[in-house]
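A.B. asks:
Protein chains: 2
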Amino acid sequence: MKQPRIVLINTSHPGNIGATARAMKNMGLDTLCLVEPKQYPSAEATARASGADDLLARAACFSTLEEAVADCELVIGASARSRTLPVPLLDPRACAALVHRQTDVERVAILFGRERTGLTNEELDRCHQLVQIPTSADYPSLNIAAAVQVIAYELRLAAGVVEKPHEPEVDYASMEQMEQFYTHLEQTLVELEFLDPANPRQLMRRLRRLFNRARPDQNEINILRGILTAAGRKPR
Amino acid sequence: MKQPRIVLINTSHPGNIGATARAMKNMGLDTLCLVEPKQYPSAEATARASGADDLLARAACFSTLEEAVADCELVIGASARSRTLPVPLLDPRACAALVHRQTDVERVAILFGRERTGLTNEELDRCHQLVQIPTSADYPSLNIAAAVQVIAYELRLAAGVVEKPHEPEVDYASMEQMEQFYTHLEQTLVELEFLDPANPRQLMRRLRRLFNRARPDQNEINILRGILTAAGRKPR
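Printed below as a string of structure tokens:
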């Protein structure tokens with residue numbers, strides 16, 4: 001998967017750097033750049049990175065944003081605040097689609113600012129685009145690693161590398177087997193005096209709807225028929 | 237925004253509970269349920285909740301999952317592992333669309349399991365559906381609050397952008413009624429000598445999956461229990 005770099009600027013809490021590394025690796029991203037982190041390296045960062053400590057160890061540190069993005073052709077800033085100066089605002093899905101359309105995704109950077117204050121106006125002025133994660137108006141401030149998680153998730157979807165969740169192969173019962181089951185069910189319900197053949201009402205229709213919805217497999221139909229046989233076997 | 241409850245089961249690290257509260261409030265969710273958290277309340281949870289400490293303070297604690305979801309009609313489990321027994325697997329977007337289509341979203345629960353081991357088989361057996369977040373195969377294990385963040389983000393999008401198709405009003409059986417049915421079913425199968433309590437194998441698990449998939453309504457559960465009563469009534 002071709003991928004943009006994630007740039008964290010002036011991060012205060014090392015735990016957030018570790019959690020960002022983990023969120024990235026979960027989604028298949030691996031290029032993390034740190035601009036003037038307040039406290040790094042740090043045992044807390046490594047702990048929160050969990051199995052993504054390799055990605056953390058490879059993270060590049062820079063003393064200025066300019067150096068971190070010098071070779072980039074597209075810079076996107078993550079922004080929670082609405083801005084007075086009009087700048088294009090992307091939602092995460094549109095951002096991911098834009099990134100994915102770039103011919104050289106490796107030269108795209110997505111910037112995440114400080115925990116409390118985000119990106120400065122000077123940093124925002126370096127961005128070609130801003131991305132904003134939709135949030136509740138009551139509490140719009142996402143944790144920085146949580147914001148990276150959402151963006152990275154959309155990048156993964158957009159890259160189309162998402163494997164369909166593994167669907168187990170199911171050996172569904174055939175219609176013929178279903179009909180045999182319904183015949184067996186009806187006979188048993190009559191034997192049990194639960195179904196009155198003179199006044200069947202809608203019972204079998206209701207049961208058909210229920211079991212058709214469940215779409216039983218071969219094994220399940222065998223179990224159900226076994227239960228019917230056991231229920232019919234008891235002598236009166 | 238009508239919303240499902242988020243249920244965290246047996247969480248080890250209080251920081252993850254706080255981070256989950258924050259992720260939820262950012263996305264406009266506010267009902268957090270905790271089942272047997274290892275360490276709670278906790279200063280670390282409150283610190284990580286940041287501005288979502290009100291949501292954390294309102295979180296309900298339960299000693300069992302059964303109590304936490306007793307009044308729910310739809311239970312969705314977050315699962316990283318692929319399972320041997322076939323269960324429907326949703327991606328986060330399909331999960332959010334499903335939740336949004338429910339007539340009573342407040343009676344939907346989404347379960348998140350332990351940090352290392354996720355949900356147990358018994359817990360999975362209580363779920364109508366499973367949701368799986370797409371991840372890199374190299375490192376599929378998301379932090380629990382990060383997983384909640386992705387699901388909550390999709391729920392927010394679905395609440396805003398997904399057109400509600402007209403759903404018939406269905407009076408689904410509650411989890412409590414489902415459990416009463418399974419108890420009744422098990423007793424009856426023992427009486428019928430179809431289930432050997434000394435060697436139950438996977439019978440009840442298989443039957444749970446079948447009936448959970450069908451998601452019976454009140455009327456259907458009453459029919460099924462009537463059949464069990466009739467089957468148990470016959471003298472030997």
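From first to last, the protein sequence lines stand for chains S and D. Under my numbering, the first residue of the first sequence carries the number 1, and numbering increases by one thereafter. Under my numbering, the first residue of the second sequence carries the number 237, and numbering increases by one thereafter. The beta carbon of each residue, even a glycine, is placed where N, CA and C say it ideally should be. Note that the coordinates shown come from a computational prediction; the quantities given were computed from them, not determined experimentally.
Let me see if you follow: with CB-CB separation under 8 Å, is D:Y375 close to chain S or not?
C.D. replies: Reading the second sequence from its first residue, position 139 is the one you call residue 375 of chain D. Yes, D:Y375 lies at the interface with chain S (some Cβ there is under 8 Å from its Cβ).
A.B. asks: Taking all protein chains shown into account, do 16 or more other C-beta atoms lie within 10 angstroms of the C-beta of S:K25, making it buried, or fewer, making it exposed?
C.D. replies: Counting from 1 along the first sequence, the entry for residue 25 of chain S is found at position 25. With 16 or more other Cβ atoms within 10 Å, it is buried.
A.B. asks: Taking Cβ-Cβ distances shorter than 9 Å, what residues in chain D pair up with S:E44?
C.D. replies: Translated into positions along the first sequence, residue 44 of chain S becomes position 44. The contacting residues do not exist; S:E44 stays about 11 Å from chain D at best.
A.B. asks: Who are the Cβ neighbours of S:N199 in its own chain at under 8 Å, not counting the five residues just before and after it?
C.D. replies: For this step, residue 199 of chain S is matched to residue 199 along the first sequence. Closer than 8 Å at Cβ, skipping near neighbours: no residue.
A.B. asks: Beta-carbon within less than 6 Å of D:R441's beta-carbon, same chain only, minus the 5 sequence neighbours each way: which residues are those?
C.D. replies: Stepping through the second sequence from its first residue, residue 441 of chain D is reached at position 205. The answer, listed in chain order, is D361.
A.B. asks: Less than 8 Å between the C-beta atoms of S:S79 and S:G118, yes or no?
C.D. replies: In the first sequence, residue 79 of chain S corresponds to position 79, counting from 1. In the first sequence, residue 118 of chain S corresponds to position 118, counting from 1. Yes.
A.B. asks: Who are the near neighbours of D:E422 in its chain, counting only those whose CB is closer than 7 Å to its CB and skipping five residues on each side?
C.D. replies: Walking along the second sequence from the start, residue 422 of chain D turns up at place 186. The residues are L431 and M440.
A.B. asks: Within 10 angstroms of its Cβ, does S:S174 collect 16 or more other Cβ (buried), or is it exposed?
C.D. replies: Position 174 of the first sequence, counting from 1, holds the residue named residue 174 of chain S. Around the beta-carbon of S:S174, fewer than 16 other beta-carbon atoms lie within 10 Å, marking it exposed.
A.B. asks: Are any of the Cβ atoms in chain D nearer than 8 Å to that of S:L153?
C.D. replies: Within the first sequence, the letter at position 153 stands for residue 153 of chain S. For the record, residue 153 of chain S in the displayed sequence is Tyr; it is not Leu. So, interface residue.
A.B. asks: In three-state DSSP terms, what is D:Q275?
C.D. replies: Translated into positions along the second sequence, residue 275 of chain D becomes position 39. The answer is coil: DSSP assigns D:Q275 none of H, G, I, E or B.
A.B. asks: Quick one: grab the DSSP three-state call for D:G251.
C.D. replies: Taking the second sequence and counting its residues from 1, the one referred to as residue 251 of chain D is at position 15. Helix at D:G251.
A.B. asks: At 7 Å on the CB atoms, spell out the chain S contacts of D:S372, in chain order.
C.D. replies: On the second sequence, position 136 is the one that residue 372 of chain D refers to. Ordered by position in chain S, the residues that pass the 7 Å Cβ test against D:S372 are K25, N26, M27 and G28.
A.B. asks: With S:D53 and S:T46 assumed to form a contact (beta carbons below 8 Å), what rounded beta-carbon distance in angstroms separates them?
C.D. replies: Translated into positions along the first sequence, residue 53 of chain S becomes position 53. Translated into positions along the first sequence, residue 46 of chain S becomes position 46. About 5 Å separates the two Cβ atoms, so the contact holds.
A.B. asks: Please check if any C-beta of chain D sits within less than 8 Å of the C-beta of S:R114.
C.D. replies: Locating residue 114 of chain S in the first sequence gives position 114, counting from the first residue. Output row for S:R114: interface = no.
A.B. asks: Express the C-alpha separation of S:V7 and S:A60 in angstroms, rounding to a whole number.
C.D. replies: Against the first sequence, residue 60 of chain S aligns to sequence position 60. Against the first sequence, residue 7 of chain S aligns to sequence position 7. So the two alpha carbons sit approximately 10 Å from each other.
A.B. asks: Which bits of chain D does S:E220 rub up against, with CB to CB less than 9 Å?
C.D. replies: Locating residue 220 of chain S in the first sequence gives position 220, counting from the first residue. R442, L443, R445 and L446, listed in chain order.
A.B. asks: Using only CA atoms, which one of S:A68, S:Q180 and S:T11 lies nearest to S:T31?
C.D. replies: One-based indexing of the first sequence puts residue 31 of chain S at position 31. Among S:A68, S:Q180 and S:T11, the Cα nearest to that of S:T31 is on S:A68.
A.B. asks: In this structure, does DSSP put S:G28 in helix, strand or coil?
C.D. replies: In the first sequence, counting from the first residue as 1, residue 28 of chain S sits at position 28. The answer is coil: DSSP assigns S:G28 none of H, G, I, E or B.
A.B. asks: Name, please, each residue of chain S whose Cβ falls closer than 8 Å to the Cβ of D:F417.
C.D. replies: In the second sequence, residue 417 of chain D corresponds to position 181, counting from 1. Going along chain S, no residue has its Cβ under 8 Å from D:F417, so there is no contact; the nearest lies around 12 Å.
A.B. asks: Identify the continuous alpha helix (DSSP H) that holds D:L291 and give its terminal residues.
C.D. replies: Indexing the second sequence from 1 puts residue 291 of chain D at position 55. Taken as a continuous stretch (DSSP letters only), the alpha helix (DSSP H) holding D:L291 covers D289 to R294.
A.B. asks: Can you find a CB in chain S that lies within less than 8 Å of the CB of D:H336?
C.D. replies: By one-based count along the second sequence, residue 336 of chain D stands at place 100. So, not an interface residue.
A.B. asks: Hey, out of S:D104, S:C72 and S:G77, whose CA is closest to S:T120's CA?
C.D. replies: Here residue 120 of chain S refers to the residue found at position 120 of the first sequence. Among S:D104, S:C72 and S:G77, the Cα nearest to that of S:T120 is on S:G77.
A.B. asks: Among D:G264, D:A293 and D:C308, which one has its Cα closest to the Cα of D:S278?
C.D. replies: If you number the second sequence from 1, residue 278 of chain D lands on position 42. Of the listed residues, the one whose Cα sits closest to D:S278 is D:A293.
A.B. asks: Would you say S:L189 lies against chain D (beta-carbon separation less than 8 Å)?
C.D. replies: To locate residue 189 of chain S, count along the first sequence from 1; it is residue 189. Closer than 8 Å to some Cβ of chain D, the Cβ of S:L189 qualifies, so yes.
A.B. asks: From the DSSP secondary-structure annotation, give me the bridge partner or partners of D:C269.
C.D. replies: One-based indexing of the second sequence puts residue 269 of chain D at position 33. D:V243 and D:A296, per the DSSP bridge assignment.
A.B. asks: For S:F194, report the span of its beta strand (DSSP E) as first-last.
C.D. replies: If you number the first sequence from 1, residue 194 of chain S lands on position 194. Careful: S:F194 lies outside any beta strand (DSSP E) and carries neither H nor E.
A.B. asks: According to DSSP, simplified to helix, strand and coil, what is D:I369?
C.D. replies: Indexing the second sequence from 1 puts residue 369 of chain D at position 133. When secondary structure is reduced to three states using DSSP, D:I369 falls in the coil class, being assigned neither helix nor strand.
A.B. asks: Can you list, in chain order, the residues of its chain whose CB lies under 6 Å from that of D:Q275, leaving out five sequence neighbours each side?
C.D. replies: Within the second sequence, residue 275 of chain D is the residue found at index 39, counting from 1. P250, listed in sequence order.
A.B. asks: Counting only beta-carbon separations shorter than 8 Å, does S:Q149 have a partner in chain D?
C.D. replies: By 1-based counting over the first sequence, the position of residue 149 of chain S is 149. It does; some Cβ of chain D falls within 8 Å.
A.B. asks: Around the C-beta of D:R241, are 16 or more other C-beta atoms found within 10 angstroms, so that it is buried, or is it exposed?
C.D. replies: What you label residue 241 of chain D is simply residue 5 of the second sequence in a count that begins at 1. It counts as buried.
A.B. asks: Can you pull the DSSP bridge partners for D:G468?
C.D. replies: Here the question's residue 468 of chain D lines up with position 232 in the second sequence. Partner(s): none; D:G468 has no beta bridge.
A.B. asks: CA-CA distance, S:A137 and D:R451?
C.D. replies: Position 137 of the first sequence, counted from the start, is the residue given in the question as residue 137 of chain S. Position 215 of the second sequence, counted from the start, is the residue given in the question as residue 451 of chain D. Computed Cα separation, rounded: 36 Å.
A.B. asks: Look at the Cβ atom of S:I221, then the Cβ atom of S:Q149, and state whether they are nearer than 8 Å.
C.D. replies: Residue numbering aside, residue 221 of chain S sits at position 221 when the first sequence is read from its first letter. Residue numbering aside, residue 149 of chain S sits at position 149 when the first sequence is read from its first letter. Not closer than 8 Å, so no.
A.B. asks: Rounded to whole angstroms, what's the CA-CA distance from D:V311 to S:C72? Just pull it up for me.
C.D. replies: Sequence index remark: in the second sequence, residue 311 of chain D carries index 75 (1-based). Sequence index remark: in the first sequence, residue 72 of chain S carries index 72 (1-based). Roughly 45 Å separates the two Cα atoms.
A.B. asks: May I ask you to report which of helix, strand or coil DSSP gives S:L119?
C.D. replies: Within the first sequence, residue 119 of chain S is the residue found at index 119, counting from 1. Here S:L119 sits in coil by DSSP.
A.B. asks: Comparing alpha-carbon positions, which option in D:A394, D:N252, D:P273 and D:I369 lies nearest D:G264?
C.D. replies: Within the second sequence, numbered from 1, the residue matching residue 264 of chain D stands at position 28. Distances from the CA of D:G264 to each of D:A394, D:N252, D:P273 and D:I369 were compared; the closest alpha carbon is that of D:A394.
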